[in-house]
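Reading through the structure tokens given below for one structure.
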Amino acid sequence: MRTHHCGVLRAEDAGRSVALCGWVARRREHGEHLAFVDLRDHTGVVQCVVDGAADLRSEFVVRITGTVRERPEGTTNDQLPTGAIEVGNCSVEILNAAEPPPFPVSDRIEADESVRLRYRYVDLRRSKMQHNLRVRSKVNSAIRHAMERQGFVEIETPMLWTPTPEGAREFLVPSRLQPGRNYVLPQSPQIAKQLLMVGGFDRYFQIARCLRDEDLRADRQFEFMQLDIEAAFTTQEEIHGFIGEAVADATEAISGERPVIETLTWTEAMERFGTDKPDLRFGMELVELTPVFSATGFKAFQAACIKGIRVPGASPDYGRSKLDGLTDRAKSLGAKGLVWMRVAAGGALESPVAKFLSDDEQAALTSTMEAQPGDLLLLVADERRLVQEVLGQLRNDIGRPPVSDGPYRFAWVTEFPMFDGVDDEGHPIAAHHPFTMPHPDDLDLLETDPGKVRSQSYDLVLNGWELGSGSIRIHRSDIQARVFKALGVTDEDAEGRFGFLLGAFRYGAPPHGGFAVGLDRLVAILAGEENIREVIAFPKASSGTDPMTGAPKPVDARVLAGLGLRTLPPST
RNA sequence: GGUCCUGUGGUGCAGUUUGGAGUGCACGCCGGCCUGUCAAGCCGGAGGUCGCGGGUUCAAAUCCCGUCAGGACCGCCA
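Position 295, counted from 1, in the first sequence is what the working numbering calls 295; the numbers after and before it change by one each time, with no gaps.
Set out below in structure tokens:
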């Protein structure tokens, strides 16, 4: 049907007879004698010259045959890759007429997202979406090759899985053959892949679809894809190597540059950046100020922890209203307040609270924070974790570059705490999942001080986005029993929820561990997008609905009855 | 569950602060003219429940309340 794609033709193709297919991007008609038709396919646009009236409209689907020729002197278009040539002596075959599109198929104008999603098939014609989904395809391909090269076996796991009431809310699938009973869609292949380890596939991977029925965000959809891996007889370092190879290959395939991956501990990340997913592209690190104010008379600074961030040269940019905005933001994040200080030309600190601080304190503050005239200092005093999180968020709010700004700064964050907070009954809550191996040095703290137990779990972070997480798993039932006990999971509970897994572990489970990389997020960053919807062909809106299909929809009562279900009236 | 932003012909916006006739810009659409344009140009035209409902007012796109939709964030995401 066609001999070439539109966007690939160049001066050296002059003289070639071509047949092109695509959509009418634009047309410029000059009466009955001459018309220019810009024909678009996914490779780009080429100008076709019709001798006569074209009688075409935007987005008509056409096949154009003609001869490539260099454009006449003075009519070339430097803005266009195909701008040196045109297709002449064209004959146009309309394959399908089209109504005017609901919004222009253009990268210049971004239509409202609800309209874009409703007519996604039109939106996907835009070169940005074409590019993004092709980036995604290349990333998948690079990753698959990297894993195969490293001896990993691709194995599919079930989409109809068993409920494991723990962690993310699961999508339920009622059983027709077993009325009243349910499958769930897997929130990840976590347990399945551990069973594959017991099954002797010591290097497994899958580009896996995961489903979680939680509220959506710019970086979260119900459905998302993971590079999911698990390996037996391995170490944390080896797993980092496997994954590092895959994401570096993917990054190189898109950007041409091979990234390095740094490593820092969770504690270090929290102290320096106030988050477990630090964006290493910019400074403004959190500065420890607790010793500076250890003997202060200023009540607001008589706290367990004081830290600050220095915003270089920002003092003139932050008037009273912006500073109030920062204070409100800090309070909304849980801080009692935010202390701001401007560094004046002579180095003096200008702040509503400056008068409460001694000269020595002010001098120590200035030197500790390496404050320069014109800087803005932001300080928070409170419990350590809160101080870290508030300042970490403010650091991002103020300093974080757009996603599309380079470079790609990958980091492993290691030694996460085993537990995070406590549940209603006072039992610690697993920070990762209950099969995570504690740090070997901290095993004995399980019974005495669980809050201090570090785990052998680790996250991969890229430019402030959590790309994924993983861990070395518990493969010994004695350690698993101790962890369950710490979590307050009784033997019966454990048997009911994970019996098949624990059973499998009795039949020769190798030491193993793994990781999962969120591919939507990786692709979004590599495509320079702030929102993963931009790299997903058919995403849901943030309400969880699909503006194109109208899903989710009610179904006929008979369909429900066949599944043993009945809808209740909406609760009030 | 909560906080905030947005909603104005098909599309993108201005108008809302300080109420005064659906007032404006650009694109698109329809018709006409046009033989080298390229975001073609020129002339003419059509197209509106200012998201929806209620209230205040002589008068509401504009102020108030509610609601719906889209988005960002908090909670949530082992």
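Ideal Cβ placement from N, Cα and C applies to all residues, glycine included.
Worksheet entry | Burial state of Ser358, where buried means 16 or more other Cβ atoms lie within 10 Å | Its Cβ having fewer than 16 others within 10 Å, Ser358 is exposed.
Fill in: Sequence-distant residues of its chain with Cβ nearer than 7 Å to Leu323 (five each side left out)
Excluding sequence neighbours, Leu323 sits near Trp340.
Worksheet item: If we call anything under 8 Å between Cβ atoms a contact, is Val343 one with Ile525?
Response: No, the pair does not count as a contact, with Cβ atoms beyond the cut-off.
Fill in: Cβ-Cβ distance between Ser127 and Asp107 below 8 Å
Yes.
Practice prompt. Please name the residue or residues paired with Arg2 in a DSSP beta bridge.
Written response: Answer by DSSP bridge pairing: none, since Arg2 is not bridged.
Worksheet item: Nearest-angstrom Cα distance between Leu133 and Val535?
Response: The straight-line gap from Cα to Cα measures roughly 6 Å.
Worksheet item: Between the Cα of Asn463 and the Cα atoms of Pro278, Arg40, Asp123 and Val122, which residue gives the shortest distance?
Response: Ranking the options by Cα distance to Asn463, first place goes to Pro278.
Item to complete: Take the Cβ of Tyr121 as the centre, count every other Cβ of all protein chains shown within 10 Å, and call the residue buried at 16 or more, exposed below.
Response: Counting C-beta atoms within 10 angstroms of its own C-beta, Tyr121 has fewer than 16 neighbours from the protein chains shown and is therefore classed as exposed.
Discussion item. Given this structure, state the Cα-to-Cα distance separating Ala208 from Ala232, to the nearest angstrom.
Written reply: Put simply, the backbone Cα of Ala208 is about 19 Å away from that of Ala232.
Practice prompt. Would you kindly report the start and end of the unbroken alpha helix (DSSP H) that includes Met129?
Written response: That run of the alpha helix (DSSP H) goes Ser127 to Arg149.
Discussion item. According to DSSP, Glu86 sits in a beta bridge with which residue or residues?
Written reply: DSSP, once it has assigned bridges, lists Arg69 as partnering Glu86.
Discussion item. Please state whether the Cβ-Cβ distance between Gln178 and Gln456 is less than 8 Å.
Written reply: Against a cut-off of 8 Å, the Cβ pair of Gln456 and Gln178 comes out as no contact.
Discussion item. Quick check on this structure: which residue in Ala168, Leu160 and Glu166 has the alpha carbon closest to the alpha carbon of Arg176?
Written reply: Residue Leu160 is the option with its Cα nearest to Arg176.
Practice prompt. Return the residue from the list Leu172, His131, Pro291 and His439 that minimises the CA-CA distance to Ala527.
Written response: Per the Cα distances, His131.
Worksheet item: Can the beta-carbon of Met418 be found less than 8 Å from the beta-carbon of Pro450?
Response: Contact: yes.
Worksheet item: Is Phe416 near Ile261, with beta carbons less than 8 Å apart?
Response: No, the pair does not count as a contact, with Cβ atoms beyond the cut-off.
Discussion item. Please identify the residue among Gly392, Ser188 and Tyr408 whose C-alpha is closest to the C-alpha of Phe224.
Written reply: Of the candidates Gly392, Ser188 and Tyr408, the residue whose Cα lies closest to the Cα of Phe224 is Ser188.
Discussion item. At a cut-off of 7 Å, would you count Ala218 as near the ligand ATP, judging by its Cβ distance to the nearest heavy atom?
Written reply: By its list of ligands, the structure shown contains no ligand whatsoever, and the ligand ATP lies outside what it can speak to.
Worksheet item: For Ala364, which residues of its own chain have a beta-carbon under 7 Å away from its beta-carbon, when the five flanking residues on both sides are left out?
Response: Contacts found: Val292.
Fill in: Selected residue, minimal CA-CA separation from Asp78, among Val247, Glu271 and Val46
Restricting attention to Val247, Glu271 and Val46, the CA atom closest to the CA of Asp78 is found in Val46.
Discussion item. Taking the alpha-carbon of Leu211 as reference, which of Ala168, Gly337 and Pro352 has the nearest alpha-carbon?
Written reply: Ranking the options by Cα distance to Leu211, first place goes to Ala168.
Practice prompt. Could you tell me whether the Cβ atoms of Glu73 and Ile85 are closer together than 8 Å?
Written response: No. Outside cutoff.
Practice prompt. Compute the distance between the beta-carbons of Gly374 and Phe273, then report whether it is under 8 Å.
Written response: If you check the CB distance, Gly374 and Phe273 do not come in under 8 Å.
Worksheet item: Taking Cβ positions, are Asp382 and Ala486 nearer each other than 8 Å?
Response: In this structure, Asp382 keeps its C-beta atom at 8 Å or more from the C-beta atom of Ala486.
Worksheet item: Using the rule of at least 16 other Cβ atoms within 10 Å of the residue's Cβ for burial, across every protein chain shown, is Ala295 buried or exposed?
Response: Around the beta carbon of Ala295, fewer than 16 other beta carbons sit within 10 angstroms, so the residue counts as exposed.
Practice prompt. Report the rounded CA-to-CA distance for Thr572 versus Ala300, giving the unit in angstroms.
Written response: Reliability of the predicted coordinates at Thr572 is poor, the pLDDT of 45 falling under 50, and the value obtained from them is presented with this limitation in mind. Roughly 44 Å between the two C-alpha positions.
Discussion item. With the cut-off set at 8 Å, would you say Tyr458 and Ser477 are in Cβ contact?
Written reply: Using a Cβ distance threshold of 8 Å, Tyr458 and Ser477 do not count as a contacting pair.
Discussion item. Buried or exposed, going by whether 16 or more other CB atoms sit within 10 Å of the CB of Asp420?
Written reply: With fewer than 16 Cβ atoms within 10 Å of its Cβ, Asp420 is classed as exposed.
Fill in: Cβ-based burial, Ile64 [other Cβ within 10 Å; buried from 16]
The residue in question, Ile64, is buried, as its Cβ has 16 or more Cβ neighbours within 10 Å.
Worksheet item: Helix, strand or coil: how does DSSP classify Ser58 here?
Response: Of the three classes helix, strand and coil, the one that applies to Ser58 here is coil, per DSSP.
Discussion item. Judging by CA-CA distance, which residue of Leu394, Pro312, Arg566 and Phe356 is the nearest neighbour of Asp328?
Written reply: Nearest option by C-alpha distance: Leu394.
Fill in: Among Pro81, Val92, Val311 and Val62, nearest to Glu12 - alpha-carbon criterion
Here the closest residue by C-alpha is Pro81.
Discussion item. Considering just the uninterrupted stretch of the alpha helix (DSSP H) at Gln393, what are its terminal residues?
Written reply: Per DSSP, the unbroken alpha helix (DSSP H) holding Gln393 starts and ends at Arg384 to Gly399.
Practice prompt. Using the DSSP secondary-structure output, state which residues sit across from Ile64 in a beta bridge.
Written response: In DSSP, Ile64 forms a bridge with Leu20 and Val92.
Practice prompt. Can you tell me which of the three DSSP states Val559 falls into?
Written response: It is helical.
Worksheet item: By how many angstroms is the C-alpha of Ser91 removed from the C-alpha of Gly66?
Response: Gly66 and Ser91 have their C-alpha atoms roughly 6 Å apart.
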